[in-house]
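Peer 1: Have a look at this one before I ask anything.
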Amino acid sequence: MAWATARHILVDSEEKCNELKTEIENGADFGEVAQANSSCPSSRNGGDLGQFGPGQMVPEFDKAVFSGDVGVVYGPIQTQFGYHLLEVTGRG
């Protein structure tokens, strides 16, 4: 069965999401940015969501995780929860 590992940052605005993406692209550590800014409980672990399979996340998130490249920061991705930055950390 297919699987992926990913980490994410959840915020309430597209503007904030873009600001954080710029910080990361300019060298900020994804995990530290997640701990400081994400509203998801996963922020305690640097945004780490662990391992999951297709269909276990909301569709917008699932599509990005299973079609995007590993190690690339994607977003903003809007879901019913807010705006996400997403980094696929592994896939198999």
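Numbering-wise, the working numbering comes out as the position in the sequence shown, counting from 1, plus 69.
Cβ coordinates follow ideal geometry from the N, Cα and C atoms, glycine included.
On a predicted model such as this, the values are computed, not experimentally measured, just so you know.
1. In terms of alpha-carbon separation, which member of G122, E101 and M70 lies closest to H77?
2. Rounded to a whole number of angstroms, what is the C-alpha to C-alpha distance between Q104 and I93?
3. Using a threshold of 8 Å, state whether the C-beta atoms of G137 and V157 are closer than that.
4. Grab the span of the beta strand (DSSP E) containing A75 for me, first residue to last.
5. Just curious, the beta strand (DSSP E) that D117 is in, first and last residue?
Peer 2: Judging by the given coordinates:
1. What you label residue 77 is simply residue 8 of the sequence shown in a count that begins at 1. Residue E101 is the option with its Cα nearest to H77.
2. Residue mapping note: residue 104 aligns to position 35 of the sequence shown, counting from 1. Residue mapping note: residue 93 aligns to position 24 of the sequence shown, counting from 1. Cα-Cα distance, rounded: 13 Å.
3. Residue mapping note: residue 137 aligns to position 68 of the sequence shown, counting from 1. Residue mapping note: residue 157 aligns to position 88 of the sequence shown, counting from 1. Contact flag set, yes.
4. Stepping through the sequence shown from its first residue, residue 75 is reached at position 6. From DSSP, the beta strand (DSSP E) with A75 extends over A73 to V80.
5. Within the sequence shown, residue 117 is the residue found at index 48, counting from 1. It spans D117 to F121 - the beta strand (DSSP E) in which D117 sits, taken as one unbroken run.
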